[in-house]
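Enquirer:
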Amino acid sequence: MHNFLNMYQFEVLRILRKKSFWIATLAGPLLLAVILAISVTSANSTVNANKNFQSISFQYLDNSGIINTQLLDGFQGSKASDEASGIEGVRSGKIQLFFEIPANLTTGIVKIYGKEISVFNNSRYQNFVTYFLTQIGKSHVDNPNFLPILTNNLKSQTITFKDGKKIPDLKEVLPSLVFLILFFLMVQIMTNFALNSSVEEKENRVLEMLLISVSARAYLQSKIAALATVGLTQILVFLLPTIIAYFTFRQKAGLPDLSTILADPSKFIFGFAFLIIGITMIICLAMLLANFVSTAKEAAPYFSLILISEMIPFYALQLVLNQPNAPLVHFLQFFPLTAPVTGMLLNSFGNLSISITLISLLDMVLATFLAFYATYRTFQKNPLRLQGSGKTIRKIKGLNFYLR
Amino acid sequence: MNFSNKKIIDNLSFQIPEGTTFGLLGSNGSGKTTIIRTLLGIYQPTSGTALINGKKYSPADIEGVGYLPEERGLYKKEITLDVMIFFGKLRGLSGKEAKKRSLEFLEQMDIADKAKVRMDRLSGGQQQKVQLGVTLISDPKLLILDEPGKGFDPVNRRILMGMISQHQKKGATIVLVTHDMSEVEKLCSQILLLKDGKARAYGDLVRVQQEFGGTYIELIYSGRLPESDSFKISKEFAPEHLELQVKDGLSPSQIVQELTNAKVEITLFRPHYRNMDEIFVEIYGEKALKES
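Those sequence lines, one after another, are chains E and Z.
Each residue of the first sequence is one higher than the last, beginning at 0 in numbering that gives the first Met the number 0.
Each residue of the second sequence is one higher than the last, beginning at 0 in numbering that gives the first Met the number 0.
Laid out in C-alpha cells, this is it:
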C-alpha cells in the first residue's frame with residue numbers, strides 16, 4: 000500500500016507537470032469559449048437584425064391575453080385556432096413558426112415549434128419570439144407578467160420539424176454531448192500517457208528498478224488510479240469554466256435553460272457512465288498493448304486502430320441517429336470499442352432505451368475487466384516482454400501462450 | 000528457464016552466502032541478466048525455485064535490495080532530485096530522509112549542482128552516477144550490480160569500487176556482474192561462470208582457479224632442475240626464470256622440498272593460480288573474450 004501510494008503520487012505529479020497536458024486540457028474550454036463568443040455575437044446580431052424576422056410566417060396561441068392584433072402590423076403572423084392545428088401547420092411546412100404563450104409568463108413555458116432551417120440556425124425562432132414579446136413588453140413595463148421578458152428570463156422550449164418529423168433541438172442535445180467531447184479529449188490525452196509512461200519505463204529500464212519494490216498488481220493499479228485522478232482533473236478543468244461561462248453568459252448567448260433539461264437527469268447519468276467506463280476500458284487496452292511493444296513508436300500504428308474504431312459510429316451517423324434499431328447500430332452499440340461513442344450519441348439524441356443502455360454498459364465493464372486481467376497476467380508473466388529484443392508485435396503468435 | 004520454448008537457463012543450482020561478494024560471470028547472452036531478474040522475482044522460473052534463507056519470496060518481500068541494471072536509464076524528463084527521492088521512498092525511506100541522502104550522494108559525486116536539473120540534461124556519466132545513487136540510497140543489504148563500471152571513466156570507476164568496498168565492509172551481500180576479471184579477483188570471494196545457461200565454474204574463487212589449471216610457480220633459480228613427475232615447465236621467461244605447473248594433488252611446499260633435495264638454489268619461489276582472464280578464455284575461447 001505504501002508503495003502503491005508512492006507510485007500513484009509520482010505518476011499523478013509527473014503528468015500534471017507536463018505542459019502538453021495543460022495545453023490539451025485547456026484547449027477544450029478555450030474552444031467552448033470561442034463557440035460561446037460566436038453565439039453571443041450571433042445572438043445579439045440576430046436580435047438586432049429584426050428586419051429579417053419580418054419575413055417569418057407564424058401563428059400563435061396566446062393564453063395570457065397579452066397580444067393584440069395591432070401588434071402584428073409588419074409581421075406575417077396570425078392567431079391559430081388551437082394548439083394542434085398550429086403544430087400541424089409547422090409539421091406540414093405550411094407555416095414556419097407556431098408558438099404558444101402560457102397564461103402566466105413567470106411560471107409557464109413558451110412552447111415554440113419551427114420548421115427546420117439548419118442545425119445551427121434553429122435558435123432563430125426562439126430569438127424571434129423573444130424579440131416579438133419584447134416589443135410588446137416595452138409598452139407594459141408596469142405589468143409583472145412581462146417581467147420575465149424584460150429581464151431576459153423567459154422560459155421557452157423549442158421543437159423543430161424536418162420532413163414532418165420532430166428533430167432534436169441542438170441546444171438540448173449539446174449538454175449531454177459534452178460527454179462525447181470530453182471522451183475524445185480524454186482518450187487522446189490519457190491513453191497517450193498510459194501508453195507512453197508504461198513503454199517509457201520499459202524502454203528506459205526503470206521498470207526493473209521499480210519491480211524490486213512494487214508488485215505487478217500494485218504497479219498496474221497505481222497507474223490506473225493515477226490516470227483516473229488525472230482524468231477527473233481534466234473533467235473539472237473542462238467543466239468548471241464551462242459551468243461558470245454558462246451561468247455568466249446564458250442570457251446573452253441565448254443558451255437553453257438547463258432546468259427543463261435537468262428534469263430528466265438520466266441522460267447525464269448515462270452519458271457520464273459511458274464516458275467513465277469507456278475511458279477506463281481504453282486505458283486498460285492501451286496498457287495491454289504497452290505490454291507487447293518495445294517502444295512508443297512501435298505502439299502507435301496499433302493504437303491508432305483502437306482510436307479509429309472509436310470514430311466508426313460517426314461514419315454511420317445518419318443510420319445511428321435515424322434508425323437506432325437497425326442491426327448495424329445494435330452491433331455498434333454492443334461491440335465494446337464502438338459502444339462508448341454510439342451510446343453517447345444515441346443517449347444525447349434520446350434514442351437509447353434503458354435496457355439497451357444497461358446491456359451496453361455491462362458489456363463495456365466486462366471488456367474492461369478482461370483487458371485489465373489480460374494486462375495483469377501478461378505483465379506478471381513477463382513484465383519486460385520484448386524489451387530491447389528487436390522483436391515486433393507481428394512476431395507474437397497469439398495470446399494463448401501468455402494467458403495460460 | 001525458458002522463453003518461447005528456448006532454454007535460457009539449464010538446470011542451474013547455486014547459493015550466495017550472506018555477506019559475500021559473488022561474481023556472476025559469462026559472455027554476452029549467457030543468461031546472467033535472466034538469472035538476476037529471476038532472483039528479483041521479475042521473471043518466474045519455468046521450473047525450480049529461488050529462495051532467500053530457505054524460504055520462497057516475492058519481489059515485494061525483499062527488503063533492502065539495491066539493483067543497478069546493465070542498461071541504464073531513468074525518467075529522462077524528470078528532475079534529478081525528484082527521481083532520487085521517489086526511489087528512496089519506494090525503498091522505504093521517508094521523504095525527508097530520501098532527500099537528505101540524495102543530496103549527500105550528489106555532493107559526494109560532485110554533481111550537487113545538478114539536483115534541480117532534468118535527467119536528460121545530464122551527461123551520460125552523470126546519469127550513471129545518479130542511477131548508482133538510486134541503487135545505493137537505502138543502504139541495501141543485498142546489492143545486485145550488473146556491469147557497474149560500464150560508462151565510468153577511470154577516476155569515477157575508482158570511486159565506484161571504493162563504494163562497493165564500503166558496502167562489503169558493512170556486511171552487505173553483493174552480486175557483481177562484470178566482464179572485468181581483475182575486478183572479480185579484487186572483489187569476489189565466490190563466482191559462478193555461465194556458458195549457454197549452464198554453470199561451467201562455480202564456488203570459491205581460489206578453488207575454481209585451482210580446478211582450472213591447478214597451481215603455478217614462478218621460479219628464479221640457479222643450478223640444474225631435476226627430472227620430475229611433480230611439475231612441468233609451462234613458461235620460460237628467461238634462462239633460469241621459469242613458470243612451473245604443479246601436478247594436481249601436490250602442494251607448492253612439496254615442490255620446494257624436491258628442488259632443495261636436488262640442490263637447486265632458489266632466488267624466487269612464487270606460487271600462483273591461473274587468473275580469471277585465462278579461465279574465461281579457456282571456457283569461451285578467444286572470440287568470446289573479444290566480444291566480452
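The C-beta atom is built at its ideal place from N, Cα and C for all residues, glycine as well.
1. Can you check whether the CB of E:A79 is closer than 8 Å to the CB of E:Q58?
2. Name the chain B residues whose beta carbon is nearer than 8 Å to that of Z:E77?
3. Rounded to whole angstroms, what's the CA-CA distance from E:M6 to E:Y218? Just pull it up for me.
4. CA-CA distance, E:F400 and E:T374?
5. Counting beta carbon pairs with one atom in the segment 164 to 182 of chain Z and one in the segment 20 to 39 of chain Z, are three or more of them shorter than 8 Å?
6. Smallest Cα separation from Z:T134: which of Z:L121, Z:T37, Z:R156 and Z:V82?
7. Find the nearest neighbour of E:S197 within the set E:P240, E:I223, E:A289 and E:Q125, judged by alpha-carbon distance.
8. At the level of alpha carbons, what is the spacing between Z:R206 and Z:Q165?
9. Below 8 Å on the Cβ atoms is my guess for E:I281 versus E:T377; work out the distance and round it to an integer in Å.
10. Could you spell out where the beta strand (DSSP E) holding E:T150 opens and where it closes?
11. Since I believe Z:Q208 is in contact with Z:Y283 (beta carbons under 8 Å), could you give me their beta-carbon distance rounded to a whole number of angstroms?
12. Would you say Z:N274 lies against chain E (beta-carbon separation less than 8 Å)?
13. In chain E, which residues lie with their C-beta within 7 Å of the C-beta of Z:K88?
14. Within the same chain, show all residues whose beta-carbon is closer than 6 Å to that of E:G163, passing over the 5 residues directly before and after it, in chain order.
15. Could you please give me the residues that DSSP links to Z:G25 through a beta bridge?
16. From the DSSP output, which residues share a beta bridge with Z:I78?
17. Can you list, in chain order, the residues of its chain with a C-beta nearer than 6 Å to that of E:A325? Leave out the 5 residues immediately preceding and following it.
18. Is DSSP giving Z:R223 helix, strand or coil here?
19. Within the same chain, show all residues whose beta-carbon is closer than 7 Å to that of E:L284, passing over the 5 residues directly before and after it, in chain order.
20. Please state whether the Cβ-Cβ distance between E:S77 and E:V109 is less than 8 Å.
21. If you pair each beta-carbon of the segment 148 to 165 of chain Z with each one of the segment 125 to 140 of chain Z, do three or more pairs fall below 8 Å?
22. Residues of chain Z with a CB under 7 Å from the CB of E:R204: which are they?
23. Does the beta carbon of Z:V133 sit closer than 8 Å to a beta carbon anywhere in chain E?
24. Could you pull the start and end residues of the beta strand (DSSP E) that E:V205 belongs to?
25. Under 8 Å, with one C-beta from each stretch per pair, do the segment 19 to 37 of chain E and the segment 225 to 236 of chain E reach the 3-pair mark?
26. According to DSSP, which residues form a beta bridge with E:A36?
27. How many Å lie between Z:I136 and Z:P68 at the Cα?
28. At the level of alpha carbons, what is the spacing between Z:R36 and Z:L249?
29. Buried or exposed: Z:K262, going by 16 or more other Cβ atoms within 10 Å of its Cβ?
30. Kindly list, in the order they appear in chain Z, the residues whose Cβ is closer than 8 Å to that of E:F371.
31. Below 7 Å, is the gap between the Cβ of E:T190 and the nearest heavy atom of the ligand MN?
32. For Z:I110, collect the residues of the same chain with a Cβ closer than 7 Å to its Cβ; drop the 5 residues on either side in sequence, then sort them by chain order.
33. Is Z:D276 helix, strand or coil when you go by DSSP?
34. Whole angstroms is fine: what's the gap from Z:G25's alpha carbon to E:R13's?
35. Using a Cβ cut-off of 8 Å (strictly closer), state whether E:M189 contacts chain Z.
36. Whose Cβ in chain Z lies nearer than 8 Å to the Cβ of E:E207?
Expert: Quick look at the numbers:
1. Yes.
2. Absent here is chain B; the protein component of the structure consists of chains E and Z.
3. In a straight line, the C-alpha of E:M6 is about 7 Å away from that of E:Y218.
4. Reliability of the predicted coordinates at E:F400 is poor, the pLDDT of 33 falling under 50, and the value obtained from them is presented with this limitation in mind. Roughly 14 Å between the two C-alpha positions.
5. Judged by Cβ distances under 8 Å, the segment 20 to 39 of chain Z makes contact with the segment 164 to 182 of chain Z, as three or more pairs qualify.
6. Taking only the C-alpha atoms, the option nearest Z:T134 is Z:V82.
7. Answer by Cα proximity: E:A289.
8. When only Cα atoms are considered, Z:R206 and Z:Q165 end up about 26 Å apart.
9. With 8 Å as the limit, E:I281 and E:T377 do not qualify as a contact, their Cβ atoms being about 17 Å apart.
10. E:T150 -> no beta strand (DSSP E), and no H or E assigned at all.
11. Not quite, the Cβ-Cβ distance comes to about 16 Å (not below 8 Å), so this is no contact.
12. So no, Z:N274 is outside the interface.
13. Under the 7 Å cutoff, chain E gives N5.
14. Closer than 6 Å at the Cβ level, and outside the excluded window around E:G163, lie R90.
15. According to DSSP, Z:G25 bridges with Z:L193.
16. Z:R117, per the DSSP bridge assignment.
17. Answer for E:A325: L318, listed in chain order.
18. When secondary structure is reduced to three states using DSSP, Z:R223 falls in the coil class, being assigned neither helix nor strand.
19. The residues are I305 and A370.
20. Not closer than 8 Å, so no.
21. They touch, by the three-pair rule.
22. Within 7 Å Cβ-Cβ: P68, E70, R71 and G72.
23. Yes, its Cβ sits closer than 8 Å to a Cβ of chain E.
24. Per DSSP, E:V205 lies in no beta strand (DSSP E); the unbroken alpha helix (DSSP H) holding it starts and ends at V205 to L209.
25. Verdict: yes, contact present.
26. By DSSP's assignment, E:A36 forms no beta bridge with any residue.
27. Spanning the two alpha carbons is a distance of roughly 15 Å.
28. The alpha-carbon atoms of Z:R36 and Z:L249 are separated by roughly 41 Å.
29. So Z:K262 counts as exposed.
30. Using a Cβ-Cβ cut-off of 8 Å, E:F371 is close to nothing in chain Z; its nearest Cβ partner there is about 20 Å away.
31. Here there are no bound small molecules, and the ligand MN is not part of this structure.
32. Cβ-Cβ distances below 7 Å link Z:I110 to Q125 and K128 in the same chain, with the five nearest sequence neighbours on each side left out; the list follows chain order.
33. Taken through DSSP and simplified to helix, strand or coil, Z:D276 comes out as helix.
34. Using only the alpha carbons, I get a separation of about 39 Å.
35. No, because no Cβ of chain Z sits closer than 8 Å to the Cβ of E:M189.
36. When 8 Å is used as the limit between beta carbons, E:E207 is near these residues of chain Z: R36, L39, I41, Y66 and P68, in chain order.
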